[in-house]
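In the UniProt record's numbering, the protein residues as written are 1 to 746. A virtual CB, placed ideally from N, CA and C, is assigned to each residue, including glycine. Okay, so here's the structure we're looking at.
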């Protein structure tokens, strides 16, 4: 049996057939071929195959002879052939020489077989030594496995930490965006409020100017009224003096009516009436305006409360919408992560299933090849057994007919050769008695080739023993080399951990930046909120001042109107009194000349009374009209406030409904996110277990595949050995047949 570890190289030899110039009637055709050992079927021909060495189909060097070289029974058969040559060709001492050469060849062949057995023993020892050295050559890697598992766990923890940090970064960004939106909203509100304040301040300035103008008009009217009263009194006194002087002249005239008293009484009455009417109108207007102002104030308070509630609800709705968007984005991220995870694990499982399928197909093919080779191996074993039986039969026949052969007469020899790269054929016509030296030379060459083969086998055995000693002296070399792959894996995992730590640090920096930005926006938002509250308080104060100024303006306008009316009435009464006194004075003068009938003072007073009543009625109507206009404005304000209040209440209801809907949807998104996270974890665990099972299955299949390949290789080698043995046995059988045919011919 050939050794796997030895590398023997033998040159292919060829048998040199003897030839000479003498001729004979008997011709022997000898065919040499490196790939075929077929013997021509005929009674007068035989073939001898060349000896050579070949290689197996796996590329390993083989120590066996080529397919045409007989290993088991070649010595005996060739010894028989040599005996036949000795009896037929040689005589005397030459026959003994041939017999000694045959014996030496048989001894060398026995030595070759002994070396082959030693080679087999060395192979067994090497195999046993390898099996014994397996625990030492494959040390315990459990510590490295634990280190690798710990590093892988750290890597997974780092990945989870990265995912958590990414979620925190997203939350911080969303919070920063929320505060940025709130800040921008509050900034716009503050700008609107500032614009309202500026408008109110302009209105306040206009009202202040109007108030100052009205106060100046009131003062000027009061001064004009005083001047008119003073002028009226002076003129009346002068006229009365003139009238009194004129009456003093008249002695027979009747005493005059005291017009000053009557006029004063009338003036006092009408002034009292006007004052009472004005006071009653003012009281009634004050009561009505107070009620309306209370309604307006309550409506404004309700509006402010509704506005504050609406702002708070809008802020809540915005926060809920932002949180809902964050949850939706997180849900989308989890769904995409779940889909990617399923796709990744699915692709890995598909790859593993494809790998398992390919490995199983290879395994099935290898098993089929193994079964087929087993069958062929059994067939070859049967063929070998039959060939050995046939060889034994031929040996018995040759031994029984050893000394009965005769040698034919010599004849001429001719040779024709045709060759190629793979095979060559030579035909000889040999005359045996003339070629004894060439036959001896041929046998010596064969013996030298066997000696070379023996020496080569000895050198190979020494090389194998030296390698065994070196392997025994250096048992730790394989151990140190076995850790390199684990060291590389550990270094790669450590590099991944360092990269993950760097990513974690970078993410922490991003989180800190996002938190700082969120704190900045929170501070800005709080400052803007406080500024807006201060501005709202200022607006409320300005509105109260504006309401006071509006009321003051209305009062001043009423006073101006009343003063103007009083001034007109005074002017009119003054003119009438002056005209009356002048007429009386003129009449009195006329009476001095010629007495005339007296003036109807009662009629004049009635006319004056009607005029004063008309003035009072006009003032009352004007006051009522002004009051109705003011009441209409206040009613419009109350109506608009009520409409705004109703709209605000509807907005509040809608915002509360939206907030409730958003809260419900947010809870649903939270539950969906939790379910997606659980599904993702379960999917990872399930696919991880499936991958582990697949990896275990792949490992077992690969180990089976390796074992089957080793068995297949071993079986191929054994099969090749059997093929070689079969070829040698067939060559030996053909040789025996040729010898028997030649003996039958003799």
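Residue 673 and residue 327 look like a contact to me (Cβ under 8 Å); what is the Cβ gap, rounded to whole Å?
6 Å
Stretch pair the segment 341 to 356 + the segment 174 to 182: three plus CB contacts closer than 8 Å:
no
Assuming contact is defined by CB atoms lying nearer than 8 Å, are residue 758 and residue 578 in contact in what I supplied?
In the structure as shown, the chain starts at 1 and stops at 746, and residue 758 therefore has no counterpart that could be examined.
Given this structure, state the Cα-to-Cα distance separating residue 662 from residue 518, to the nearest angstrom.
24 Å
State whether the segment 350 to 365 contacts the segment 698 to 710, with contact taken as three or more CB pairs (one from each stretch) at a distance under 8 Å.
yes
Which word fits residue 505, buried or exposed, when buried means at least 16 other C-beta atoms lie within 10 angstroms of its C-beta?
exposed
Measuring alpha carbon to alpha carbon, tell me which of 107, 151 and 651 ends up nearest residue 492.
151
I need the straight-line Cα distance from residue 462 to residue 700, nearest angstrom please.
39 Å
Are the segment 563 to 576 and the segment 642 to 659 touching, with three or more C-beta to C-beta distances below 8 Å?
no
Does the beta-carbon distance from residue 569 to residue 615 come in below 8 Å?
yes
Cβ-based neighbour list, residue 165, same chain, cut-off 6 Å, excluding 5 preceding and 5 following:
507
Near residue 200, which residues of its chain fall below 6 Å by C-beta distance, leaving aside the five closest residues on each side in sequence?
542
If we ignore side chains and look at the alpha-carbon of each, how far apart do residue 268 and residue 276 end up?
12 Å
Given residue 556, which residues of its chain have a CB within under 7 Å of its CB, disregarding the five upstream and five downstream residues?
211, 214, 215 and 218
Cut-off 8 Å between Cβ atoms - residues of its own chain near residue 546, not counting five sequence neighbours on either side:
200, 203, 204 and 207
Spatial distance of residue 355 from residue 698 (CA atoms)
8 Å
Can you give me the C-alpha to C-alpha distance between residue 190 and residue 528, rounded to a whole angstrom?
7 Å
Does residue 654 pass the burial test, meaning 16 or more other C-beta atoms within 10 Å, or should it be called exposed?
exposed
Taking just the CA atoms, how far does residue 636 sit from residue 225?
37 Å
Which value, in whole angstroms, describes the spacing of the CA atoms of residue 33 and residue 122?
Because the pLDDT of residue 33 is 33, which lies under 50, any placement of that residue in the model is unreliable, and the question is left without a value.
Can you give the Cα-Cα distance for residue 680 and residue 346, rounded to whole angstroms?
14 Å
Relative to the C-alpha of residue 651, which residue among 554, 312, 564 and 367 is closest?
312
From 466, 714, 559 and 120, pick the residue whose C-alpha is nearest to that of residue 377; which is it?
714
Under 8 Å by Cβ, that's how I've got residue 665 and residue 324 pegged, so tell me the actual separation to the nearest angstrom.
6 Å
Return yes when the C-beta of residue 383 is under 7 Å from any heavy atom of the ligand SAH, and no when it is not.
As for the ligand SAH, it is missing from this structure, which has no ligand bound.
For residue 146, does the count of other Cβ atoms within 10 angstroms reach 16, so buried, or fall short, so exposed?
exposed
Name the residue from 551, 619, 572 and 494 whose alpha carbon lies nearest to the alpha carbon of residue 630.
551
Assuming residue 659 and residue 316 make a contact with CB atoms under 8 Å, what is their CB distance in whole Å?
5 Å
Within a Cβ cutoff of 8 Å, which residues of the same chain sit near residue 197, ignoring the five residues on either side of it in sequence?
535, 538, 539 and 542
Since residue 182 and residue 525 are thought to touch, with beta carbons under 8 Å apart, how far apart are those beta carbons, to the nearest angstrom?
5 Å
If we count the other Cβ atoms within 10 Å of its Cβ and call it buried at 16 or more, is residue 725 buried or exposed?
buried
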